[in-house]
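Visitor: Sharing a structure here in C-alpha cells format.
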Amino acid sequence: MDVSIQHVKQQITTLEGEIDYYEKQMDALFRQVEAESKKITKFFLIYRKYRERLSHLQQLNQELHRSGCFDEEESIVRKGLRLLEEEECAEAKQHLNNIQSNAANMEKRLAERAVEIRQIEASGTVSDLTHQLSAEQEHAKHLAKKWAAIQLVRSVIREKLNEHKKKGCQHCCKQLPALFSR
C-alpha cells in the first residue's frame, strides 16, 4: 500500500516537474518573441531613417539638377544612390527574412509545447493520479486511526499490568512474614 502511494506521489511529482519545465520553456519562448519584436521595431526605425535620408538626398539631387551646373556629379550621385539602395535593401530584406523565420520557428515551438501540455491534461493521467492519491490518503488515514486505537489499548493494558504487578508484589510482601512465622 505504501509503495503504491509513493509510486503515485512520484508520478505526480514527475508530471508536475514536466509541467513546470514546459511552462518555463513557454516563458523563454515568449521572451525570445519579445526580443525579436524589439529587433523588428529597431529594423523599421533604421529603415525609416534610411528612407528619410534617401528622400533628403533625392531633394538635394533635384535642386542640383534644376540648377544645371552639376550634371556630371548628379549622374555619379544617382549611380551611388542606386547602389546604396540596392545594398541596403538586400541587407534589410535578408534581416527581415531571418527575423520572420525565427518568429515562425518560435511560434511553431510554442504551438508544439501548448499541444503537449493539452495532451498531458487531456490524457487525464494527472486527474486520475490525483484521485487515486486522495483515495489512498483516505485509506491511510483510516489505517492510522486504527493503529492509534491499538496503541492506546496497548498502553492501557501495560498500565494495568504494571498496576497489578505493584499491587500483587505488595500483597505478596505482606503475606511473606506470615508464611515465615509458621
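Residue numbers for the sequence shown follow the working numbering, so the first one is 2 and each next one is one higher.
We treat Cβ as the ideally placed atom computed from N, Cα and C, and that holds for glycine.
(1) Note down the Cα distance separating F45 from H57, rounded to an integer number of angstroms.
(2) Tell me, please, whether the region 92-106 touches the region 27-37 by the rule of three or more beta-carbon pairs shorter than 8 Å.
(3) Hey, out of A91, R49 and T131, whose CA is closest to I6's CA?
(4) Taking 8 Å as the threshold, find out whether the region 49-64 comes into contact with the region 114-123 through three or more Cβ pairs.
(5) Taking buried to mean at least 16 other C-beta atoms within 10 Å of its own C-beta, is Q157 buried or exposed?
(6) Let me confirm a value: V9 is counted as buried when at least 16 other C-beta atoms fall within 10 Å, else exposed. Which label applies?
(7) Would I20 pass as a contact of L134 if the rule is Cβ separation under 8 Å?
(8) Return helix, strand or coil for G18, following the three-state DSSP convention.
(9) Alpha carbon to alpha carbon, what distance is there between K167 and Q152?
(10) Which residue from L111, A145 and D129 puts its Cα closest to that of Q1?
(11) Please report the straight-line C-alpha distance between S175 and E139, rounded to a whole angstrom.
(12) Considering Cα atoms alone, identify which of E92, A179, I41 and M107 is closest to D28.
Guide: So, from the listed chains and residues:
(1) Locating residue 45 in the sequence shown gives position 44, counting from the first residue. Locating residue 57 in the sequence shown gives position 56, counting from the first residue. Rounded to the nearest whole angstrom, the CA to CA distance from F45 to H57 is 18 Å.
(2) With a cut-off of 8 Å on Cβ pairs, the region 92-106 is in contact with the region 27-37, counting three or more such pairs.
(3) For the purposes of this step, residue 6 is identified with residue 5 of the sequence shown, where counting begins at 1. If we check each option's Cα against that of I6, T131 comes out closest.
(4) Output reads no: the region 114-123 does not touch the region 49-64.
(5) Looking up residue 157 in the sequence shown gives position 156. The amino acid at residue 157 is misidentified as Gln; the sequence shows Val. Under this definition V157 is an exposed residue.
(6) The residue labelled residue 9 in the question sits at position 8 within the sequence shown. The residue in question, V9, is buried, as its Cβ has 16 or more Cβ neighbours within 10 Å.
(7) What you label residue 20 is simply residue 19 of the sequence shown in a count that begins at 1. What you label residue 134 is simply residue 133 of the sequence shown in a count that begins at 1. No.
(8) Here residue 18 refers to the residue found at position 17 of the sequence shown. In this structure, G18 counts as helix in the three-state DSSP scheme.
(9) As a position in the sequence shown, residue 152 is number 151, starting the count at 1. As a position in the sequence shown, residue 167 is number 166, starting the count at 1. Across the structure, Q152 and K167 are spaced so that their CA atoms are roughly 23 Å apart.
(10) In the structure as shown, the chain begins at 2 and stops at 183. Residue 1 is therefore absent and cannot be evaluated.
(11) Translated into the one-based positions of the sequence shown, residue 175 becomes position 174. Translated into the one-based positions of the sequence shown, residue 139 becomes position 138. Residue identity differs from the one stated: residue 175 is Lys in this sequence, not Ser. Taking the straight line joining both Cα atoms gives about 54 Å.
(12) Counting from 1 along the sequence shown, the entry for residue 28 is found at position 27. Considering only E92, A179, I41 and M107, the residue with the shortest C-alpha distance to D28 is M107.
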